[in-house]
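A.B. asks: Let me begin by handing over the structure; questions about it come next.
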Amino acid sequence: MLLITCPYCRMARPESEFHYGGEAHVARPAEPANVSDAEWAAYLYMRANPKGVHAERWRHIHGCGRFFNAVRNTVSDEILATYEAGMSRPDLGDGTKDAR
Amino acid sequence: MADRIAARRSALEGLALPSSAGLASVTDVGVAARFLYRGAPELVAGVFGVELPTTPLRANARLERAVLWLGPDEWLLLTAKADDSTLSATLSNVLHGKPASLVDISHRQVGLVVSGPRVEALLNAGCPLNLDVAVFPVGMCTRTILAKAEIVLWRTAGDTFRIEVARSFAPYAVAFLDEAMHGIA
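Protein sequences, first through last, are from chains A and B.
Numbers in my numbering are just positions in the first sequence, counted from 1, shifted up by 789.
Numbers in my numbering are just positions in the second sequence, counted from 1, shifted up by 86.
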C-alpha cells in the first residue's frame with residue numbers, strides 16, 4: 790500500500806484514507822466574464838497528462854478531511870512531495886517545476 | 087396513545103459485543119453527547135472546560151469531557167452526559183455571530199471501547215495504521231477506517247481505544263470486530 794504524508798496530520802498515512810482530486814494549480818480566471826469561450830473551455834476541461842512528475846490534488850477524506858497538493862511521478866507512483874493547499878509547487882531541483 | 091411515544095434505542099441494541107478473555111473485549115460507551123465544531127479553538131474552550139488541542143491528532147480530556155482534533159479547524163467534542171441540551175445552548179450562545187459551526191451529532195454515531203492485551207492486533211485487522219504505542223501513543227486520535235467503515239479512533243490508555251462509528255455502520259463494525267476476534271485467537 791502506498792503511504793502518503795498528509796501535510797496537515799504531519800504523518801505518513803495509508804493510501805486507502807485518500808481520494809485523488811485531479812491536477813493541482815489550475816487557476817480559475819479572475820474575471821470569468823472577460824475570457825473567451827476557448828479560454829474558459831481550456832480552464833474547465835484541459836488538463837496536463839504527463840508521463841512523469843505531476844502536481845495533483847489529493848484529499849485526506851478518511852482523516853483530517855483536507856485537500857492538499859502532492860507531486861507524484863505517474864510512472865513509478867513515487868510521491869516526491871506533499872504540501873498544503875494554497876502553497877506554490879516546491880522546486881524539487883529536477884527541472885519539472887515549470888514543465889506542464 | 088402514550089405507549090406510542092418514541093423511545094430512544096441504541097444502534098447496538100440486540101447486538102452481541104465480541105469479547106474474548108485474554109485477547110480483547112468490546113463494550114458500549116452508552117449515551118453521550120457529541121458535537122462537531124469548526125472554527126477558532128479559543129471560542130469554545132472556556133465554556134466547554136477543555137482546551138482544544140491545536141497539535142494535530144491529539145485529544146485533550148478532563149473529567150468526563152474530551153476534545154479530539156480531527157482537522158486543522160475541526161474538533162469532536164465529547165461529553166459523557168446524555169443529550170446535553172444546556173451545553174448545546176451555551177455553546178450556541180458563545181458562537182452567536184461568530185464564523186464558526188457547531189453540529190450536534192450525539193445521535194449520529196455510537197461509541198465503542200475496545201480494550202485488552204491484543205487490542206492492536208484486533209484493530210489492525212481492519213485499520214491500516216501503525217498502532218504501536220510508540221507511534222500511536224496514549225492521547226492520540228484520528229479519523230481513519232476500519233475495514234469499510236469510517237471511524238474516529240482514540241487511544242485512551244495503553245491497551246484501550248475508543249471508537250466512534252456512524253450508527254448505521256455500528257452493526258457492521260461490531261460484526262467485523264467479532265470476525266477479527268476469531269482471527270487473533
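C-beta atoms are modelled at their ideal positions from N, C-alpha and C, and glycine is treated no differently.
Distance, Cα to Cα, Met-846 (chain A) vs Gly-100 (chain B)?
C.D. replies: Along the first sequence, one-based indexing puts residue 846 (chain A) at 57. Along the second sequence, one-based indexing puts residue 100 (chain B) at 14. The question names Met, yet the displayed sequence has Arg at residue 846 (chain A). When rounded, the distance between both Cα atoms is 43 Å.
A.B. asks: With a cut-off of 8 Å on the beta carbons, I'd call Gly-108 (chain B) and Pro-203 (chain B) a contact; round off their distance for me.
C.D. replies: Against the second sequence, residue 108 (chain B) aligns to sequence position 22. Against the second sequence, residue 203 (chain B) aligns to sequence position 117. Contact flag correct, Cβ pair sits at about 7 Å.
A.B. asks: If we cut at 8 Å on Cβ distances, does Ile-231 (chain B) have a partner in chain A?
C.D. replies: Position 145 of the second sequence, counting from 1, holds the residue named residue 231 (chain B). The C-beta of Ile-231 (chain B) comes closer than 8 Å to at least one C-beta of chain A.
A.B. asks: Taking 8 Å as the CB-CB limit, is Leu-208 (chain B) close to chain A?
C.D. replies: One-based indexing of the second sequence puts residue 208 (chain B) at position 122. Residue-level contact by beta carbon fails for Leu-208 (chain B) and chain A, as no gap is shorter than 8 Å.
A.B. asks: Considering only residues of the same chain and omitting the five flanking positions on each side of Arg-120 (chain B), which have a CB-CB separation below 6 Å?
C.D. replies: Here residue 120 (chain B) is taken as the residue at index 34 of the second sequence, counted from 1. Excluding residues within five positions, the ones whose Cβ falls inside 6 Å are Leu-164, Ile-191 and Ser-192.
A.B. asks: Just checking, does the segment 862-870 of chain A make contact with the segment 224-241 of chain B on the three C-beta pairs under 8 Å criterion?
C.D. replies: no
A.B. asks: Ordered along the chain, which non-local residues of its own chain (more than five positions away) have a Cβ less than 8 Å from that of Lys-886 (chain A)?
C.D. replies: Start at 1 with the first residue of the first sequence, and residue 886 (chain A) comes out as number 97. Correct list, in chain order: Arg-878, Pro-879 and Asp-880.
A.B. asks: Less than 6 Å between C-beta atoms, sequence neighbours within five positions excluded: which residues of the same chain meet that for Val-824 (chain A)?
C.D. replies: On the first sequence, residue 824 (chain A) is found 35 positions in, with the first residue counted as 1. Taken in chain order, the residues that qualify are Pro-818.
A.B. asks: Pairing CB atoms from the segment 245-257 of chain B with CB atoms from the segment 171-180 of chain B, are three or more of them under 8 Å?
C.D. replies: no
A.B. asks: Would you list the one or two residues that DSSP bridges to Phe-857 (chain A)?
C.D. replies: Position 68 of the first sequence holds residue 857 (chain A). Paired residue(s): A:Trp-847 and A:Glu-873.
A.B. asks: For Leu-209 (chain B) versus Phe-247 (chain B), is the C-beta distance shorter than 8 Å?
C.D. replies: Within the second sequence, residue 209 (chain B) is the residue found at index 123, counting from 1. Within the second sequence, residue 247 (chain B) is the residue found at index 161, counting from 1. Yes, the Cβ-Cβ distance between Leu-209 (chain B) and Phe-247 (chain B) is below 8 Å.
A.B. asks: Any idea what DSSP makes of Val-115 (chain B), helix, strand or coil?
C.D. replies: Counting from 1 along the second sequence, the entry for residue 115 (chain B) is found at position 29. Val-115 (chain B) falls in the coil class under three-state DSSP.
A.B. asks: Between Trp-240 (chain B) and the rest of its own chain, which residues show a CB-CB distance below 7 Å, the 5 nearest in sequence each way excluded?
C.D. replies: In the second sequence, residue 240 (chain B) corresponds to position 154, counting from 1. The answer, listed in chain order, is Ala-145, Leu-154, Cys-227, Phe-247 and Arg-248.
A.B. asks: Of all the CB atoms in chain A, is at least one closer than 8 Å to the CB of Thr-140 (chain B)?
C.D. replies: The residue you call residue 140 (chain B) lines up with position 54 of the second sequence. No, its Cβ sits nowhere closer than 8 Å to a Cβ of chain A.
A.B. asks: Whose C-beta lies closer than 8 Å to the C-beta of Cys-798 (chain A) among residues of the same chain, with five residues either side of it excluded?
C.D. replies: For the purposes of this step, residue 798 (chain A) is taken as the residue at position 9 of the first sequence. These residues qualify, in order along the chain: His-849, Gly-852 and Cys-853.
A.B. asks: Around the C-beta of His-268 (chain B), are 16 or more other C-beta atoms found within 10 angstroms, so that it is buried, or is it exposed?
C.D. replies: Residue mapping note: residue 268 (chain B) aligns to position 182 of the second sequence, counting from 1. By the neighbour-count rule (16 or more Cβ atoms within 10 Å), His-268 (chain B) is not buried but exposed.
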